[in-house]
Every structure is written in C-alpha cells, then in structure tokens.
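Chemist:
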Amino acid sequence: MADKKFALEIEDLYVEYVSDETVVRAVNGVSFKLEKGKTVGLVGETGAGKTTTALAAMRLLPDRVGKMAGGSIRLMGDDILALSEKQMNMVRGELISMIFQDPMTALNPIMTVGKQIEESLKLHNSAGRSHEELKKRVDEVLELVGIPASRRDEYPMQFSGGMKQRVVIAIALACSPDILIADEPTTALDVTIQAQVLELIKQMQQDMGMSMLMITHDLGIVVRNCDEVGIMYAGQLVEYGTVEQIFSPGAHHPYTEGLFGSIPKLRSGQKRLVPIEGLMPDPTDLPQGCKFSPRCPHCSERCRQQEPPEIERDGHRLKCFLFSEEGTASDQ
Amino acid sequence: MLQYIIKRTLMIFPILLGVIIIVFTIINVVPGDPGRRILGVSAEQEAVDQLNHELGVDRPFFVRLFDYIKNIVTRFDFGISYQSMNPVVETLQLNFKYTFKLALLMTIGYVAIGIPLGVLSAVKQYSWIDNLTRVTSVTLSAFPSFWFYMMAIIFFSLQLGLFPSGGVDSWLNYVLPIGCASILNSSSLQRMTRTTMLETIRQDYVRTARAKGCAKVSVVWKHAFLNAALPIINSVGVGFAGMLGGTVICESVFNMPGLGTVIIKAINAKDVPLVMGCTVLLSTIFCLMVLLIDIISSLVDPRVKAKLAG
C-alpha cells in the first residue's frame with residue numbers, strides 16, 4: 032500500500048499507441064506524485080504526451096489502440112490497474128474527474144445541460160438520493176459555476192464557449208471528486224474568458240479541497256496555479272520541480288530554457304524571441320540517446336548515444352548530462 | 005413546432021395537386037384509348053366510341069382533369085377501375101392492407117437486424133465481427149432480391165417444407181418474404197449505421213460521458229447512437245414509404261396481393277383511374293412520412309427543432 036499522502040502517483044508510466052504498421056511511443060517513463068490538495072502542472076508542446084498521461088490516469092486510453100506498456104498508477108493509494116471495468120466506472124467521476132480542452136465538442140449536443148450533470152450524479156448515487164434531491168443538486172452545481180439554475184433545461188448550443196466550459200466544469204465537479212484533471216481548460220477560450228474560467232477552477236479546488244493535475248502549454252497559467260511543475264518532452268519528464276525551482280534562474284534542462292526563451296519579456300530590451308530550433312521527434316522513431324538531442328544547443332556525442340540519467344536535488348529532477356557529473360549546474 | 009406541423013400538413017395539398025396534374029397529363033399524352041384497351045383490337049369502332057363516351061374519356065383534357073379533381077374533393081371518388089369496373093378506392097383499400105402489413109413488418113425486421121449489427125461493427129471496428137458483417141453485407145447487396153427469394157422458397161418450402169411458398173392465408177406465409185427482405189435490406193442500413201456511429205463514437209462528448217463514469221454500453225447507445233440517429237431515421241422513414249409501392253418483386257415471387265402488383269398491372273392496362281389512385285395514395289403517404297421524419301428528428305435532436313421552428 033502506498034503513501035496516503037498522495038492523491039495520484041504515477042510511476043514509470045509507458046503508453047503506446049499501436050496500429051498495424053507502427054507503434055507510437057507517446058509516454059516513456061513518466062513518474063510524479065500529486066500531493067493531496069496540491070496542484071501539479073504538466074507543460075509541453077502538442078504531442079509531448081501530456082493528455083495521454085492524463086487519459087492513462089483515468090484509464091480512458093482509446094480502446095485497442097492505446098495501451099499502458101508499463102508502470103503503475105495509484106489513485107488515493109489504490110492501483111487502478113487492479114480494478115475491474117465496473118469498479119473503474121465508479122472511480123471515474125467520483126474519485127477522479129476531467130475537464131476537457133474544447134468545450135465546443137465536449138458536451139453532448141442533444142442532451143440538456145441539466146441532464147448531463149444529472150447523469151453524473153445518478154451514476155454515483157450511492158447515497159440513494161431521490162429524483163428531486165438530484166434535481167436540487169444539479170441547480171446547486173450550476174449556481175456554483177455561475178450559471179443560473181433556470182438554464183438547466185437548455186441545450187449546449189444555447190450557451191457561449193465560456194459558459195459551455197462552465198458546464199463541463201460543473202459535470203466534472205458534480206460528485207465532488209478528490210482529483211481533478213484539467214486538460215488545457217482554457218486553450219479554446221478567448222483571453223477575457225480564460226481568466227474567469229481559471230479563477231473558477233482555482234476557487235472550486237480550494238472550496239472542495241481537491242488535488243489537481245493541470246495540463247497546459249501556458250507557463251503563465253502554471254506560475255499562477257500550480258505548486259509543482261513537470262516539463263514534458265517526447266513522452267518524458269525532462270524536468271520536474273516546485274514552481275520556485277522551475278521559475279527561478281539556475282540549473283535547467285535546455286528544453287526548459289528554450290521554453291522560457293520563447294516567451295516575450297516586457298522589461299528586458301530583447302528584440303526577438305528565441306525559438307527552439309527544429310521539431311519534436313517522430314514518436315514512432317524516437318532518437319536513441321537523449322530525446323531532445325537533435326534540437327539541443329548543448330548536445331554532445333554522448334547525448335546522441337546514451338539516455339541521460341535523472342538527477343535529483345531537493346525534489347528538483349533533471350534529465351540531462353549537463354548536470355550529471357558535477358551534481359550541480361554548470362552554469363549556476 | 006405545432007405551427008410548423010400545421011404548416012407542413014397544409015403544404016401537402018398543393019403538392020398533391022401538382023402530382024395529380026403532372027401524372028394525369030403524362031398518362032393522357034400516351035397514345036391509345038381505354039375503350040380499345042378494354043374491348044380488344046377486334047372490337048367494332050362504334051362500340052369503342054360508345055364505351056369511351058360512357059367512361060367520359062372523349063371529353064376535352066382540361067374538362068376531365070377538372071372533373072377528376074372535383075370528384076376527389078367533393079365525394080372522395082377516385083373513379084372506376086377500367087379493368088375490374090370496381091371503384092378505385094375499394095381496390096386500394098383492399099390491397100393497401102396487405103402491403104402496409106408487409107412493409108411495416110419488413111421495416112421492423114431490417115431495423116432490428118441492421119442497427120444492432122451496424123453499432124456492433126462500429127464499436128468493434130476492424131475486429132473479426134466487423135469484418136464478417138461487412139463482407140456479408142456487401143455480398144448480400146450483390147444478390148438480386150428475386151434470386152434470394154427463390155432460393156429461400158426452394159430451400160425452406162420445397163426442401164424442408166417449413167413454410168408455404170406463397171399466399172397470405174396465415175402468419176406462416178409472411179415468414180419467408182419478411183425474413184428475406186429484412187436480411188436483404190438490413191445490409192445497407194447496417195453499413196450506414198456503422199459509418200455514422202464511427203463518427204460519433206470518436207466525439208469528445210463520448211469521452212466526457214466515459215469520464216463521468218458511464219459504462220461503455222450506455223455510452224454507446226445513449227450518447228453515440230442518439231447522435232448518429234438522424235440519418236438513420238431519415239433513411240428508414242423514406243425506405244418505409246418506398247416499400248409501400250415497391251414490394252412488387254416480393255409480391256410476385258411469393259404470390260401475394262399488394263399495391264406493387266396493382267400498380268404494375270394498372271400501368272400495363274393503361275387503367276388511368278387506378279394508376280392515378282395509386283399515385284395519389286403513395287404521394288400522400290410519402291408527404292406524411294417526411295413530416296413524421298421531421299417530427300421524430302426534432303424530438304431526438306434539439307438542433308433540428310430549432311431549425312424547423314425558427
């Protein structure tokens with residue numbers, strides 16, 4: 032039995048998408064622990080394996096194509112691989128919930144929003160609440176996310192994008208889950224709505240005491256919402272640490288440096304942004320050594336041959352040869 | 005919505021008027037007169053003229069057209085069949101009963117086979133069961149229906165003696181035609197269901213439902229299938245209306261009475277009142293069916309309702 036301190040523990044997770052011809056290695060050895068009541072952020076480019084990691088934690092990888100090739104996932108101390116599909120249905124929505132990226136498509140267009148929230152409550156109705164009580168709870172949840180209860184019987188098409196995302200949040204939070212996965216919850220929304228929705232999620236988290244896994248590619252969201260951050264690249268966590276460790280100057284993975292280099296800074300006299308050269312490697316044909324080596328400005332011969340080990344200091348983990356020998360950062 | 009239904013119901017009348025005028029014109033432009041048809045080539049010209057006069061077909065075209073419409077509107081009289089000299093309404097009533105029963109049972113049959121197979125095929129895409137149903141479906145579509153019916157008769161009636169080979173005496177007579185037609189028609193429905201299901205089953209809202217804790221089976225039917233149902237409802241509805249006039253092959257192979265046979269015979273005999281009667285009946289059914297499809301669709305999908313009502 033694992034430590035009860037953690038809501039979600041992912042250890043050495045490997046996920047593959049298998050088709051007839053190819054094997055896409057989407058997640059390659061990801062490990063992290065989400066402490067109860069805390070927020071962990073996963074940052075990385077599209078295709079880095081962030082969403083796949085989250086789906087694996089929900090055991091919702093696409094049927095037959097996606098499969099966990101290794102590692103373990105524990106929710107509130109329990110190994111989810113040991114659960115039957117039926118037990119897993121009870122876990123989803125009640126213990127762990129997910130908010131999806133695109134609210135435009137995440138809601139069933141032919142069901143009223145009230146019905147969609149109620150469905151979740153009905154599925155996890157171990158208390159045996161009556162129909163009227165469930166209805167009341169639906170209204171409560173709607174009000175909670177800032178939607179008037181009178182709109183219960185409306186369809187998703189009658190809501191704006193931001194309001195739809197509120198409905199998605201309401202569905203996820205209806206049964207007060209212990210863990211919430213927010214998969215780029217604001218990417219599809221316009222900027223003014225983004226702040227509102229994030230504020231709402233944060234507030235809900237505090238009110239309900241939830242633990243949260245926040246997936247994003249926006250470092251600004253991370254610094255405002257997360258306690259710990261994992262930087263993902265090609266299915267690996269190349270760097271992991273507290274927000275302070277990641278955001279303060281010091282020893283960083285070249286990819287993290289690259290990410291920060293591509294954000295405009297208002298005060299420095301910088302003229303142009305520094306992009307990371309090249310593209311993410313093809314996940315069906317990952318490079319042999321360090322996955323970042325083809326794009327890394329500090330790449331050496333060894334990087335191309337060997338997988339760099341993970342070095343840890345005060346919980347700050349790095350996967351790079353630059354820091355492996357000295358045990359400290361060379362450019363600190 | 006009620007307003008829409010009333011509007012659409014009223015729209016049926018101008019459509020029917022148009023159909024009557026067009027078909028009446030076409031059928032009257034074709035050469036040959038009913039008197040000659042009925043009495044035969046060897047009959048005296050006087051007798052033919054006499055009969056034509058009695059039937060009223062020697063009057064000018066527009067007079068006849070106007071008269072025809074007037075009789076329908078005022079007395080619900082569709083005239084008298086030239087072949088049997090019975091009122092058209094009677095013939096239609098008698099045959100429609102059989103055809104309606106046949107078409108309804110066939111529709112229920114092919115929906116009951118086609119939809120579950122299509123859904124299963126989509127859910128288990130590329131599995132052996134999907135491959136099997138797809139191959140079977142294409143093979144079935146390649147069979148001519150009359151051949152299929154005859155093979156069924158040879159095997160189940162002549163060899164095994166399980167079912168009668170024709171007639172409408174008992175429910176046993178219906179087993180073979182309905183069984184065969186259901187299997188044959190299910191193949192296209194199964195393929196369509198599979199295609200639309202494959203689209204909806206990958207939608208984000210299906211994943212949302214799974215993330216809520218919905219079991220797979222309920223997600224498939226409640227979320228994916230209902231969203232895929234619109235084209236299926238359309239196709240089944242139109243297919244049913246089509247069957248009412250198009251079961252002629254089945255009727256003739258199994259020697260059953262029905263509208264299809266009546267229509268073919270009437271056209272061959274240039275039995276104008278009967279052809280017209282069938283046309284008006286089938287057009288009315290078709291219009292009502294399309295209306296029914298719209299109503300059902302709007303019950304399933306609020307977006308359709310919004311579009312129709314707006």
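In the order they appear, the protein sequences are chains A and B.
So for the first sequence, our numbering puts the first residue at 32; every next one is plus one.
So for the second sequence, our numbering puts the first residue at 5; every next one is plus one.
Just so it is clear, CB atoms sit at the ideal spot from N, CA and C, and this is done for glycine as well.
Only a predicted model underlies this, so the values are computations on that prediction, with no experimental measurement involved.
1) Is the shortest distance between the beta-carbon of Gly183(B) and the beta-carbons of chain A less than 9 angstroms?
2) Please state the DSSP three-state secondary structure of Tyr102(B).
3) Give the C-beta separation of Ile16(A) and Gly193(A) to the nearest angstrom, bearing in mind that I take them to be a contact with Cβ-Cβ under 8 angstroms.
4) What residues in the stretch 183-195 of chain A have a beta carbon less than 7 angstroms from any beta carbon of chain B?
5) When the Cα atoms are used, what is the spatial distance from Met5(B) to Val55(A)?
6) Under a CB-based cut-off of 9 angstroms, is Lys117(A) close to chain B?
7) For the alpha helix (DSSP H) containing Ser161(B), list its first residue and its last residue.
8) Assuming Asp214(A) and Met129(A) make a contact with CB atoms under 8 angstroms, what is their CB distance in whole Å?
9) Is Leu138(A) close to chain B, meaning its C-beta is less than 9 angstroms from at least one C-beta of that chain?
10) Roughly how far, in whole angstroms, is the beta-carbon of Phe82(B) from the beta-carbon of Ile73(B), given that I think they are within contact range, below 8 angstroms?
11) Quick one: any contact between the stretch 103-121 of chain A and the stretch 139-151 of chain A, if contact means 3 or more CB pairs under 8 angstroms?
12) Please return the same chain residues whose Cβ sits closer than 8 angstroms to the Cβ of Ser141(A), not counting the five positions on each side in sequence.
13) Using the rule of at least 16 other Cβ atoms within 10 Å of the residue's Cβ for burial, across every protein chain shown, is Asp305(B) buried or exposed?
14) Run the CB neighbour count on Met89(A), radius 10 Å, all protein chains shown included, and call it buried at 16 or more, exposed below.
15) Is Met260(B) buried or exposed, if buried means 16 or more other CB atoms sit within 10 Å of its CB?
16) Taking 9 angstroms as the threshold (beta carbon to beta carbon), is Asn120(A) in contact with chain B?
17) Drop a sphere of 10 angstroms on the beta-carbon of Tyr286(A), count the other beta-carbons inside from all chains shown, and report buried for 16 or more, exposed for fewer.
18) Only counting the same chain, and skipping five residues up and downstream in sequence, which positions put a Cβ closer than 6 angstroms to that of Asp258(A)?
19) Anyone know if the C-beta pair for Gly320(A) and Arg333(A) falls short of 9 angstroms?
20) With a floor of 3 residues, list each beta strand (DSSP E) that falls wholly inside the stretch 297-353 of chain A, ordered by position along the chain.
21) Against Gly124(A), what residues of chain B qualify as contacts under a CB-to-CB distance less than 7 angstroms, listed in chain order?
22) Let's see if you can read the secondary structure: which residues bound the beta strand (DSSP E) around Ser256(B)?
23) Residues of the stretch 79-109 of chain B in Cβ contact with chain A at a cutoff of 7 angstroms, in chain order, please.
24) Gln304(B) versus chain A: which residues are under 8 angstroms apart at the beta carbon?
25) Is Ser242(A) close to chain B, meaning its C-beta is less than 9 angstroms from at least one C-beta of that chain?
26) Using CA atoms only, rank isn't needed, just tell me which of Ser46(B), Ile117(B), Gln54(B) is closest to Met196(B).
27) How long is the line joining the alpha carbons of Val139(B) and Val115(B), rounded to whole angstroms?
28) Decide if the stretch 236-250 of chain A is in contact with the stretch 149-156 of chain A; the criterion is three or more beta carbon pairs, one per stretch, under 8 angstroms apart.
29) Would you mind listing the alpha helix (DSSP H) stretches within the stretch 36-100 of chain B that are 4+ residues and don't spill past its ends, in chain order?
30) According to DSSP, which residues form a beta bridge with Tyr271(A)?
31) Please say whether Gly124(A) and Ala201(A) have beta carbons closer to each other than 9 angstroms?
32) Look up Asp43(A) in the DSSP assignment and say whether it is helix, strand or coil.
33) Whole angstroms are fine: how far does the CA of Leu21(B) sit from the CA of Ile9(B)?
34) Output the distance between the C-alpha atoms of Ser115(A) and Ala87(A), rounded to the nearest integer angstrom.
35) Residues of chain A with CB under 8 angstroms from Asn1(B), in chain order?
36) Would you list the residues sitting across from Arg105(A) in a DSSP beta bridge?
Modeler: Looking at the coordinates:
1) no
2) helix
3) Because residue 16(A) is not part of the residues shown, which for chain A are 32 to 363, the question remains open.
4) Tyr186, Met188
5) 50 angstroms
6) yes
7) Counting along the chain, Ser161(B) falls outside any alpha helix (DSSP H), and DSSP gives it neither H nor E.
8) 6 angstroms
9) Interface residue, yes.
10) That pair is no contact at about 11 angstroms.
11) no
12) According to the sequence shown, residue 141(A) is Ile rather than Ser. Answer for Ile141(A): Tyr186, listed in chain order.
13) Buried, since its Cβ has 16 or more Cβ neighbours within 10 Å.
14) buried
15) buried
16) yes
17) buried
18) Once the five neighbours on either side are set aside, the close Cβ partners of Asp258(A) are Lys69, Thr70.
19) yes
20) 341-344, 347-350
21) Residues of chain B passing the Cβ test: Ala215, Lys216, Gly217.
22) Here Ser256(B) belongs to no beta strand (DSSP E); instead the alpha helix (DSSP H) covers 252-257.
23) none
24) According to the sequence as given, residue 304(B) is Val; it is not Gln. Near Val304(B) (Cβ distances below 8 angstroms), the residues of chain A are Ile141.
25) no
26) When only C-alpha atoms are compared, the closest one is Ile117(B).
27) 19 angstroms
28) no
29) 38-43, 49-59, 65-79
30) Gly261(A), Arg348(A)
31) Pairing Ala201(A) with Gly124(A) gives a Cβ-Cβ distance that is not under 9 angstroms.
32) strand
33) 19 angstroms
34) 15 angstroms
35) What is shown of chain B runs 5 to 314, which leaves residue 1(B) out entirely.
36) Glu40(A), Asp110(A)
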